[in-house]
Amino acid sequence: MDQKKIVFQGEPGANSDIACREAYPDYTPVPCPTFEDAFTAVSSGKATLGMIPIENSVAGRVADIHHLMPTSRLRIVAEWFLPIRNQLMAPKGATLDGLKTVESHIMALGQCRRFLRKLGAVTKVQADTAGAARIVAEAGDKTRAAIASRLAAEIYGLDILAENVEDESHSTTRFIVLSKEPAIAEPNNGPVITTFVFQVRNIPAALYKALGGFATNGINMTKLESYMLEGNFAATQFYADVEGHPEERGLKLALEELAFFSQPKTLKILGVYPAHPIRATFAKRSQQELATT
4 MDQKKIVFQG EPGANSDIAC REAYPDYTPV PCPTFEDAFT AVSSGKATLG MIPIENSVAG
64 RVADIHHLMP TSRLRIVAEW FLPIRNQLMA PKGATLDGLK TVESHIMALG QCRRFLRKLG
124 AVTKVQADTA GAARIVAEAG DKTRAAIASR LAAEIYGLDI LAENVEDESH STTRFIVLSK
184 EPAIAEPNNG PVITTFVFQV RNIPAALYKA LGGFATNGIN MTKLESYMLE GNFAATQFYA
244 DVEGHPEERG LKLALEELAF FSQPKTLKIL GVYPAHPIRA TFAKRSQQEL ATT
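Heads up: the sequence shown begins at 4 in this note's numbering, then just goes up one per residue.
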């Protein structure tokens, strides 16, 4: 088995491909048709790592990942943040005025909503950004364009008609890096993120009580999302990220309180991993914004 493979969902030139190249330059990025295929490749040992997008600062969370993570038995060992720069590309000779359709992944289309509305072209959802670029290149139709990365334009021989068409310059996608083998960050060795899922008991104010320990112990929760389980409106699972290590007293106490108010055996830690350095800039920006209000 090649120990230097990292899988991603999409085709060569996708943003996930770029994240793999930046974060793990010594690994060979391997494309997978679906997220399920990427998870399976890591679970089976065909790849060592998986680079999986989980949320974008403009378009929100990536669907399906929260459902796949708890049952995959994979562990989060790292995170990566990639600034997104979307390019509008089309076959050589195409013009902006001549475009009728623009194709891309639904997340990329969402990141460029204002630009696309002004352009006036019909949008078409594809499985991923690089796949859209390949499809447009193969069709050779000058009325069809794709939104993808600059790398995709180079790979598939397309002309870039408009650069950096994302609506917000801060558009950033957060990725989690998955491994079959757990790699827990050492305590007291820099900022750490702990990710976990849980289900609360079906009693009044259960979520309020479950999360109370994080407030009383000074734990910053950076992410909390809920979603239904198996179509059951009464069964809700929560996915959370917090700052800190489970062995640190504050977080340890908070997790103990959370476990008490959760359904038995539903609290599962999915990863304890180093916080990406970019998080420090987020905190600094928030402090600056508070100072000016």
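Glycine included, each C-beta is placed from N, C-alpha and C at the ideal position.
Among the candidates A133, K145, I9, whose CA atom is the shortest distance from the CA of T31?
I9
Alpha helix (DSSP H) containing V139: first to last residue?
132-142
message = Runs of 4 residues minimum, wholly inside the region 156-237: which ones carry the alpha helix (DSSP H) assignment?
response = 209-219
Item to complete: Determine the closest residue to A188 out of A66, E259, A278, with distance taken between C-alpha atoms.
Response: A278
Just curious, the beta strand (DSSP E) that S107 is in, first and last residue?
104-107
Taking L71 as part of the alpha helix (DSSP H), name the residues at either end of that continuous run.
68-75
To the nearest angstrom, how far is it from the Cα of Q240 to the Cα of N205? 12 Å
Checklist entry - Is the CB-CB distance between V45 and K183 below 8 Å? => result yes
Give me the residue from N59, D244, V195, L232 with the minimum Cα distance to Y276. V195
- Does any C-beta atom of chain C lie closer than 8 Å to the C-beta of V200? The displayed structure is made up of one protein chain only, and chain C is not part of it.
What is the DSSP secondary structure of I57, counted as helix, strand or coil?
strand
Between which two residues does the beta strand (DSSP E) holding T126 run?
125-128
- Item | Nearest-angstrom beta carbon gap, I150 and L71 [assumed within contact, 8 Å] | The pair is not a contact, with the Cβ atoms about 25 Å apart (cut-off 8 Å).
Contact under 8 Å by Cβ, E106 with P190:
no
Review point. Would you call the CB atoms of M110 and N192 closer than 8 Å?
Key: no
Where does A20 sit, in a helix, a strand or coil, going by DSSP?
Per the sequence presented here, residue 20 reads as Asp, with Ala not at that position. Looking at D20 - three-state DSSP - the assignment turns out to be helix.
task = Figure out for me which residue from L254, Q129, P280 has the closest Cα to the Cα of G13.
result = Q129
#### Entry: Coil, strand or helix - M4 by DSSP
With a pLDDT of only 46 at M4, under the threshold of 50, the placement of this residue in the model should not be trusted; the figure read from the coordinates follows. The answer is coil: DSSP assigns M4 none of H, G, I, E or B.
*Give the straight-line distance between the Cα atoms of D20 and S75, rounded to the nearest whole angstrom.*
22 Å
Do R64 and E169 count as a contact pair if the criterion is CB distance below 8 Å?
no
Mind checking who P32 pairs with in its DSSP beta bridge? I9
Grab me the residues of S265's own chain with a C-beta within less than 8 Å of its C-beta, minus the 5 sequence neighbours each way, in chain order. F201, Q202, V203, R204, A213
What does the Cβ neighbour count give for A283, buried or exposed, with the cut at 16 atoms within 10 Å? exposed
Original post:
Is it a yes or a no for the region 79-86 touching the region 131-143, going by three-plus beta-carbon pairs under 8 Å?
Top reply: no
- What's the gap between the Cα of A142 and the Cα of G123? 21 Å
Best match in L270, V125, A165 for proximity to K103 [C-alpha to C-alpha]: V125
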